[in-house]
Amino acid sequence: MNQAETPAIRIAGMTVRYGRRVAVDAASLEVPRGSVYALLGRNGAGKSSLVRCALGQQRASSGSAEILGQDSWKHRTHLMERIGVVAEEADAPPEMRVQQLADFHARLYSRWDGKAFDSRLDRFGISKQPRYGDLSKGQKKQVSLALALAAAPDLIILDDPTLGLDVVARKSLFEEVIADLADRGTTIFLTTHDLAGVEAIADRVAIMNGGRIVLDEELETLKGRFRRIRFSAQPLALEAASFRTALVRSWGAGTEAVVSNYDDLAFERLRSSATIQSADVSAMSLEEIFIAVAGEGANS
Amino acid sequence: MTHALAIARRDLAERTSVFIAAAVLAVLPFVLTLVPGISSFSRVDVITTMGTLLAVGFTLGLALVLGVTMIGRDLTEKRMSFYFSKPLSAPAIWFGKLAAAVLSLAICFTILFVPSYLAGSTSWQKSWNVDLPIAFTVVTLAALALLLFGHLFGTMFRSKSPLVALDVVLMVVTGLALVGIIRPLLEGFAMELAGRVTLALGVMVLLILLASGAWQLSKGRADRKQNHVALSRFVWSSMAIVLALGGAFTAWVVSASPADLQKPEVSQPDQGTWSFIYGKAKHRMDYNALFAYDLATGDSIRIDGMRSWWSSGFSRDGKHVVYVKLPDFRAGVGELYLMPLRAGAKGEPLHIPVTRGGAYTFSDDGTRIALIDPEGIVSVYDLASKKALVSAKIPMNGPTRRRFFFAAPDVLRVYVQTPQYGSLKLAEFAVEIYEIDLRTHALAHTGTYRCMTKNFGITVSDDGTRALTVERDDIGISHANVIDARTGQLIAPAPVSAMMRVTLLADGSVATLNETGGEWTLNVHGIDGSDRTTQIGKMQRAYFVRQLAGERLVIAGRGSKSWSMIVVDYAHGSIVRREEGAYASSFGYEQWYGSDPRRSVAAADQPIAMTNSTGALYAWQPLTGAKKKLIQF
Chain A
1 MNQAETPAIR IAGMTVRYGR RVAVDAASLE VPRGSVYALL GRNGAGKSSL
51 VRCALGQQRA SSGSAEILGQ DSWKHRTHLM ERIGVVAEEA DAPPEMRVQQ
101 LADFHARLYS RWDGKAFDSR LDRFGISKQP RYGDLSKGQK KQVSLALALA
151 AAPDLIILDD PTLGLDVVAR KSLFEEVIAD LADRGTTIFL TTHDLAGVEA
201 IADRVAIMNG GRIVLDEELE TLKGRFRRIR FSAQPLALEA ASFRTALVRS
251 WGAGTEAVVS NYDDLAFERL RSSATIQSAD VSAMSLEEIF IAVAGEGANS
Chain B
301 MTHALAIARR DLAERTSVFI AAAVLAVLPF VLTLVPGISS FSRVDVITTM
351 GTLLAVGFTL GLALVLGVTM IGRDLTEKRM SFYFSKPLSA PAIWFGKLAA
401 AVLSLAICFT ILFVPSYLAG STSWQKSWNV DLPIAFTVVT LAALALLLFG
451 HLFGTMFRSK SPLVALDVVL MVVTGLALVG IIRPLLEGFA MELAGRVTLA
501 LGVMVLLILL ASGAWQLSKG RADRKQNHVA LSRFVWSSMA IVLALGGAFT
551 AWVVSASPAD LQKPEVSQPD QGTWSFIYGK AKHRMDYNAL FAYDLATGDS
601 IRIDGMRSWW SSGFSRDGKH VVYVKLPDFR AGVGELYLMP LRAGAKGEPL
651 HIPVTRGGAY TFSDDGTRIA LIDPEGIVSV YDLASKKALV SAKIPMNGPT
701 RRRFFFAAPD VLRVYVQTPQ YGSLKLAEFA VEIYEIDLRT HALAHTGTYR
751 CMTKNFGITV SDDGTRALTV ERDDIGISHA NVIDARTGQL IAPAPVSAMM
801 RVTLLADGSV ATLNETGGEW TLNVHGIDGS DRTTQIGKMQ RAYFVRQLAG
851 ERLVIAGRGS KSWSMIVVDY AHGSIVRREE GAYASSFGYE QWYGSDPRRS
901 VAAADQPIAM TNSTGALYAW QPLTGAKKKL IQF
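Protein sequences, first through last, are from chains A and B. First residue of the first sequence? That's 1 in the working numbering, and the numbers climb one at a time after it. First residue of the second sequence? That's 301 in the working numbering, and the numbers climb one at a time after it.
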C-alpha cells in the first residue's frame with residue numbers, strides 16, 4: 001500500500017480504560033485521505049478519549065492508532081508537524097497574548113504561514129492583543145483553529161470545534177473553513193454535536209455509543225438506508241418486510257420504526273400486508289439517524 | 301534544543317510579574333533602614349542581612365512553587381495537550397520548562413541579592429562568615445532540590461490517585477534505606493566517606509529527578525494519572541538501582557577484614573589470647589573497622605555499630621568482653637552487649653541501658669558487671685539474671701575520671717577524681733575513694749587522696765591494697781606516690797623524675813625506666829624496700845609492655861634504627877631476650893584506659909600482639925620467643 005493509499009487515520013481495536021470504567025471499547029475506524037470524517041456521539045461516549053489516544057497524547061489500554069501511516073504514539077512529535085489540532089477544551093496558556101501564541105507556533109512549525117493566520121483572525125474579527133484567557137469560548141476556538149490551520153497541516157483534527165460558537169460562526173466554520181479545506185484535499189477528522197453542520201460537509205460519519213463504534217460509513221449510504229416508517233399495525237408486521245430496526249415505538253394506534261436497511265420493494269411488501277391499512281415512509285436527517293442509533297431507546 | 305528554548309522563552313515571558321515582585325522586594329532592605337528602631341543598627345548590616353534573607357527565602361519559596369506548578373498545574377488544568385498537540389518532544393517540554401524555572405530562580409535571586417551585596421560586600425562577608433561561592437553553591441543545590449522535589453510531590457499528589465499511598469510507603473522505605481546505607485559508615489567513624497557517599501547519593505537522586513520529568517512526559521504525556529504512574533515507576537525503579545549500588549558499596553566497605561586494616565591499633569587485655577584490633581580499612585577512606593581477634597588462632601569477630609571502641613571492657617580472665625552500641629548516631633543512651641571471646645560468637649544485648657560516657661567493669665568471677673554513668677550513679681548487675689543488685693549515687697558533678705573494680709566479691713571500690721575534669725582550680729583536685737557493699741547496699745566514703753594536677757592516673761596492685769598515683773604536667777611526671785588503695789593514705793613517694801616511665805607491678809612494687817646519657821636502666825622498688833636495677837642499654841625511648849610470671853617484664857625500646865621488644869628478668873638484673881625490629885601493638889602496661897585499675901601478671905602462654913617494621917602483625921610469646929605472623933597489613 002503506497003502512502004497515498006494509507007488512510008489518514010487508522011484505529012484498530014482501541015480500548016481505553018480508566019480504572020474499571022471502559023471509555024473506549026475495541027474501537028476501530030479508518031479515515032480516508034482527503035475526506036471529511038465526523039465522529040458523532042453523546043457526551044461521555046468516548047470520543048475525546050479516542051481522539052487523545054489517536055493523537056498520541058494518551059496511551060490506549062490496548063489497540064493501535066496510526067496517523068498518516070505512522071504509529072501515532074511512537075512518532076507523535078514528527079507527526080504533529082503535519083497535523084493541526086483544535087482541542088475540545090481551550091488548552092493554550094491563558095496568560096499568553098494571541099500574538100505570543102502565534103510567535104510560539106511560528107517557532108515550532110516549518111510550514112507556518114503567518115499571513116494566513118493574520119487574515120483568518122481578521123475574518124474572525126479577533127485582535128492579536130488580548131490574552132488568550134480573556135477571550136470568549138467561541139473566540140478561543142477560533143484562535144485555536146487559526147493557529148492549527150496556519151501550520152498548513154495535511155490532517156486537521158477538530159474535537160468539538162463548534163462548542164461555544166454562535167450560529168454565524170458555526171455556519172462559517174462548516175460552510176467556509178472546512179469546506180474550503182476539504183476542497184484543497186486536507187483530511188478533516190472532527191467530533192461534534194452539530195449534526196446539521198456536519199451533514200452538509202461530511203463524507204463519512206461514525207457514531208460512538210457507550211465507548212463502541214456502532215456505525216461507520218459514507219454519509220450518503222447511511223442516509224440512503226435509514227428511513228422512518230409509520231404504519232397502522234403492530235411491530236410484528238415489520239418481520240414480513242425483513243427490516244432491521246434501529247428504533248421501534250408506538251405511534252398512535254400504530255407503530256413508528258426507524259429501519260436501517262430500507263428498500264422500496266420491502267416497503268411495498270409491508271404496505272400490501274393484509275393487516276396494514278396505511279403506511280408511509282420518510283427520509284431522515286443525520287440528527288434523526290443519530291438519535292435513533294445513539295439516543296434513548298435505540299436498539300443496541 | 302530550539303523547541304526547548306521556545307518553551308523556556310514562553311514560560312519566562314509568563315513570569316514577568318514574579319520578576320517585578322522580586323524587584324519591589326529588593327528595595328525593601330533599603331527602605332527598612334529608615335524605619336525607627338531599625339535605623340539604630342548599622343545601615344549596611346541591615347541591608348546586607350535583609351537582602352540576603354529575602355533573596356534566599358524568596359528563591360527557595362519560588363523554587364518550591366515552580367516545582368509544584370511547572371508541570372503539575374498544566375496536567376491538573378488539562379493544558380498539557382497544548383504542548384503534545386505540537387511537534388514538541390517530551391524532553392523538549394520538560395527541559396524547556398525546567399530551564400525556564402531555573403532561569404527564573406537565578407533572575408529573582410540576582411535581583412534580590414546583588415543590590416544589597418553591592419551595598420556592603422565587606423559587611424556581608426563579616427555578617428555571614430561564609431565564602432560567596434560556597435553560599436551560592438548551597439543555595440543553588442537547595443533551590444534545585446526544592447524545584448525537583450516540588451515537581452515530584454506536585455505530580456504525585458495532584459494526580460489524586462490512590463497510587464500516592466504506595467509512593468509514601470516507598471518514600472519511607474527509601475529514607476530508611478538511605479539511613480541503612482549511611483549509618484554503618486558513621487558507625488565506622490567514616491565521616492568523610494559518609495559525606496561523600498551522601499553527596500554521591502544526593503547527586504544521583506537529583507539526576508534521577510532531572511531525568512524523571514522527561515520520562516514522565518514521554519510515557520504519561522497529557523494524562524495526569526499516567527504521568528503519575530510513569531513518574532513513580534521511573535523514580536522508584538531508578539532509586540532502587542541507586543540504593544542497591546549504595547547498599548552494595550556500604551556492604552563492601554563494612555566487609556573489611558582484619559587484613560584490610562592499615563596501621564591498626566590493638567587493645568590487648570592482661571589475660572587471654574583475644575584482643576581488639578581497630579583501624580582505618582584500606583581503600584575505604586576514613587572508615588574504621590573493629591574486630592575481636594584471637595592472637596592464637598587468627599579467628600576474628602567483626603563488631604558492627606560500636607560507636608566508641610574504647611567503650612569496651614574485657615573480663616579479668618580475658619574470656620568475655622562487654623561493649624556499648626548506641627541505637628543511633630547521636631543517641632545518649634546505648635545498650636550494653638556481652639560477647640564471649642570464642643570463634644563465631646556474637647554479642648548478646650544485656651538489656652541494660654548505658655549512658656554515653658559510662659564505664660563498666662566485670663567482677664573477677666565474671667558473674668557481675670558494674671556500671672557508672674557520668675552523673676555518678678553506680679549500678680551492679682548479675683549477668684545471669686540481668687537483675688540489678690545495687691544502685692548508688694556517688695557525689696560527682698559531670699563527667700570525670702572514674703576507675704572501679706571489685707575489691708572483694710561483694711565490694712565495689714570506686715575512685716573518682718573531683719572536681720570534674722577540666723577545672724582550673726588546681727588546689728582542689730582530689731581523688732575520692734568509695735566502697736559499695738553489695739550485701740548491705742551501703743555506700744561508704746573510705747578515703748581521699750589530694751593531688752596537685754588534673755592530669756591524674758591511678759593503678760592498683762593485684763590484691764587491691766596498694767595504689768600508684770601518677771600526676772603529670774606539661775613536662776612529664778610531676779608527682780607519683782604509693783598510697784593505700786582503700787584509704788588514700790600516703791605510703792611512700794615513688795622515686796621518679798619528670799622524664800621517667802613508671803608503672804605499678806601486680807604485687808605493689810614500682811618499676812621505673814630511667815635514662816642517663818642515652819643509657820636506660822630498669823629499677824624495681826619492691827614493697828619490702830628492695831631496689832633492683834637492670835641495665836637495658838642504649839635507647840632513645842622506652843615503655844613498659846607487660847608483666848610476666850617469674851619477675852619478668854616486657855619493655856619496648858626504640859633504638860637508633862628500630863624498635864625492639866626486650867624481656868627483662870629483674871630478679872636477676874638480666875635481659876632474657878631481645879626481639880629486634882618489632883614493637884607492641886597494644887598501648888601497653890602503662891595505659892590509663894579501662895575501668896579496672898588493677899595490674900596483673902600475664903598468663904604464661906599469653907601472646908603479645910606485635911607489629912614489625914613492614915607492618916605485619918605477629919603473636920609473640922615473650923617467654924619462649926616463638927612468634928607467629930598473623931596479618932600483613
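Even for Gly, the Cβ is constructed at its ideal location relative to N, Cα and C. On a predicted model such as this, the values are computed, not experimentally measured, just so you know.
Check                                                                                                                                                                             : Outcome
Buried or exposed: where does B:Ile-775 fall if 16 or more other Cβ atoms within 10 Å of its Cβ makes it buried?                                                                  : exposed
Can you give me the start and stop residues for the alpha helix (DSSP H) that B:Arg-458 sits inside?                                                                              : 432-458
Leaving out five residues before and five after B:Ala-904 in sequence, what residues of the same chain have Cβ atoms less than 7 Å from its Cβ?                                   : Ala-849, Leu-923
Relative to the C-alpha of B:Arg-841, which residue among B:Asn-588, B:Leu-517, B:Ala-684, B:Arg-858 is closest?                                                                  : B:Arg-858
Since B:Thr-359 is in the alpha helix (DSSP H), which residue starts that stretch and which ends it?                                                                              : 343-369
Within the same chain, show all residues whose beta-carbon is closer than 6 Å to that of B:Ala-400, passing over the 5 residues directly before and after it, in chain order.     : Ala-308, Asp-311, Leu-312
Residues in its own chain within less than 6 Å of B:Arg-524 by CB, not counting five upstream and five downstream?                                                                : Leu-375, Ser-459
Nearest by alpha-carbon distance to B:Lys-619: which of B:Ala-659, B:Phe-576, B:Pro-558 is it?                                                                                    : B:Phe-576
Shorter than 7 Å from the beta carbon of B:Pro-391 to some beta carbon of chain A?                                                                                                : no
Compute the beta-carbon to beta-carbon distance between B:Thr-834 and B:Thr-821, rounded to the nearest angstrom, for a pair I have assumed lies under 8 Å.                       : 7 Å
Where does A:Met-284 sit, in a helix, a strand or coil, going by DSSP?                                                                                                            : coil
Please classify A:Leu-108 as buried or exposed, where buried requires at least 16 other C-beta atoms within 10 Å of its C-beta.                                                   : buried
Check each candidate in B:Ser-532, B:Val-505, B:Leu-501 and name the one with the smallest Cα separation from B:Trp-515.                                                          : B:Ser-532
Taking buried to mean at least 16 other C-beta atoms within 10 Å of its own C-beta, is B:Thr-552 buried or exposed?                                                               : According to the sequence provided, residue 552 of chain B is Trp. The question's Thr does not apply to it. By the 10 Å Cβ count, B:Trp-552 comes out exposed.
Give me the Cα-Cα distance between B:Arg-483 and A:Asp-91, rounded to the nearest whole angstrom.                                                                                 : 49 Å
Cβ of B:Glu-771 within 7 Å of Cβ of B:Met-800?                                                                                                                                    : no
If you draw a straight line from the C-alpha of B:Leu-432 to the C-alpha of B:Val-438, how long is it?                                                                            : 10 Å
Measure the C-alpha to C-alpha separation of A:Gly-69 and A:Glu-256 and round it to an integer number of angstroms.                                                               : 44 Å
Compare the beta carbon distance of B:Leu-738 and B:Val-690 with 7 Å and say whether it is the shorter of the two.                                                                : yes
What number of angstroms, rounded off, separates the C-alpha of B:Asp-586 from the C-alpha of B:Leu-486?                                                                          : 10 Å
Under 9 Å Cβ-Cβ, which residues of chain A neighbour B:His-528?                                                                                                                   : The contacting residues do not exist; B:His-528 stays about 13 Å from chain A at best.
Leaving aside the five residues before and after B:Leu-325 along the sequence, list all residues of the same chain whose C-beta is less than 7 Å from its C-beta, in chain order. : Leu-354, Phe-358, Leu-412
Per DSSP, what are the beta-bridge partners of B:Asn-823 in this structure?                                                                                                       : B:Thr-812, B:Thr-833
Out of A:Ala-240, A:Leu-79, A:Leu-135, A:Arg-111, state which residue places its alpha-carbon closest to the alpha-carbon of A:Gln-57.                                            : A:Leu-79
By the three-class DSSP mapping on this structure, what secondary structure does B:Leu-712 have?                                                                                  : strand
Considering only C-alpha positions, which residue in the set B:Asp-828, B:Arg-846, B:Gly-788 is nearest to B:Val-802?                                                             : B:Arg-846
Would you mind telling me which residues of chain A sit closer than 7 Å to B:Ala-522, beta carbon to beta carbon, in chain order?                                                 : Arg-52, Gln-57, Gln-58
Measuring alpha carbon to alpha carbon, tell me which of A:Ser-110, A:Gln-99, A:Glu-268 ends up nearest A:Phe-117.                                                                : A:Gln-99
Under 7 Å, Cβ to Cβ, is there at least one residue of chain B near A:Phe-104?                                                                                                     : yes
Nearest by alpha-carbon distance to A:Ala-26: which of A:Pro-7, A:Asp-103, A:Ala-65, A:Ala-253 is it?                                                                             : A:Ala-65
Compile a chain-ordered list of the residues in the segment 79-94 of chain A whose CB is closer than 7 Å to at least one CB of chain B.                                           : Met-80, Glu-81, Val-85, Ala-87, Glu-89, Asp-91, Ala-92, Pro-93
Between B:Ala-494 and chain A, is there a C-beta pair that is closer than 7 Å?                                                                                                    : no
Quick one: grab the DSSP three-state call for B:Leu-805.                                                                                                                          : coil
Cutting at 7 Å between CB atoms, please list the residues of its own chain near B:Asp-467, excluding the five before and the five after it.                                       : Met-456, Ser-532
Would you mind telling me which residues of chain B sit closer than 8 Å to A:Leu-108, beta carbon to beta carbon, in chain order?                                                 : His-303, Ala-306, Lys-386, Pro-387, Leu-388
Within 7 Å of any Cβ in chain B, is that where the Cβ of A:Thr-77 sits?                                                                                                           : yes
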